[in-house]
Amino acid sequence: MLTHIHTENLNEPPNFAAMSYSLAGLLMLAAICYAAPARAVLGGDAASVETDRLHMKVAQAASQLPSASGSYTVHETILPTGTRVRQYVSKAGTVFAVTWSGPFMPDLRQLMGTHFDTMIARQAQNRHAGQRVYSQHDPDLVIESGGRPRHFVGRAYLPGALPAGVTGQDIKQ
């Protein structure tokens, strides 16, 4: 919302209140127009796995491991912290699961996208919050995470996006 700040009399002081509203409007417009970087998030496009590698400063390049059934590929990377991250990608090119195992937690917001916000909101409602284990089993999202310092494990997957013949038990750290 830009406002008119020109005055008829140049001897009048500038209207700083109007300028602050103009600045606020410009900042709001910039925030709306800002595009977040692409991520290989749960439910996202497989082409962005490389973006994850760059964001998380991967120590070892991703290896691609085809499944026995051939219905998906596992992109495995090792972070500088030693944590192993696996992203499960269907033949359709969708990231349907992620797993992690290692001495430090990976950037779960990077890996899970909006599903991370769901996990945080659910944890806030959990009366046992603060425990070392988190488990969420919904029809559209399964998250299991736990561990202790120097040993964290977890997985998250979308049951509705699992390729035919694949079950949650096939998603391994």
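My numbering applies: residue 880 is where the sequence shown begins, and numbers increase by one.
Every residue, glycine too, gets a C-beta built ideally from N, C-alpha and C.
Using three-state DSSP, classify residue i as helix, strand or coil.
i	result
ASP1049	helix
GLY1039	helix
ARG988	helix
GLY1044	coil
PHE895	A caution first: PHE895 carries a pLDDT of 45, below 50, which makes its placement in the model too unreliable to give a value.
GLY1033	strand
PRO916	Reliability fails at PRO916, whose pLDDT of 37 lies under 50, so the model's placement of it is uncertain and the value that follows must be treated cautiously. Coil.
Please work out which residues of its chain come closer than 8 Å, Cβ to Cβ, to residue i, disregarding the five sequence neighbours upstream and downstream, and give them in chain order.
i	result
VAL920	SER927, VAL974, GLN989, LEU990, MET991, GLY992, THR993, HIS994
PRO1038	PRO1018, ASP1019, LEU1020, VAL1021, GLY1047
SER948	PRO1042, GLY1044, VAL1045
ILE1050	TYR967, ALA976, THR978, ARG1034, TYR1036
ALA1003	none
Out of the options, which has the shortest C-alpha to C-alpha gap to residue i?
i	options	result
SER1024	ILE957, SER948, GLY981	GLY981
ARG1029	ARG1011, THR1046, HIS1016	ARG1011
GLY922	VAL964, LEU958, ALA971, GLN1004	ALA971
PRO858	ALA1040, GLN1015, VAL964	Nothing can be reported for residue 858, as the shown portion of the chain is limited to 880 through 1052.
ALA925	SER969, GLN1004, THR956	SER969
Quick one: give me the first and last residue of the beta strand (DSSP E) that residue i is part of.
i	result
ALA976	974-981
SER1024	1021-1027
VAL953	951-957
VAL968	963-969
VAL1012	1012-1016
If you follow the alpha helix (DSSP H) that residue i is in, where does it begin and where does it stop?
i	result
THR993	993-1004
For residue i, collect the residues of the same chain with a Cβ closer than 6 Å to its Cβ; drop the 5 residues on either side in sequence, then sort them by chain order.
i	result
PHE983	THR960, THR962
VAL1032	SER980, GLY1026, GLN1052
GLN1015	ARG1001, ILE1022
With a CB to CB cut of under 7 Å and the five nearest residues on each side skipped, what residues in its chain are close to residue i?
i	result
LEU987	PHE995
Notebook entry, point to check: Counting pairs of Cβ atoms below 8 Å between the stretch 988-1003 and the stretch 952-961, do you hit three or more?
Noted result: Cβ pair count under 8 Å is below three, so no.
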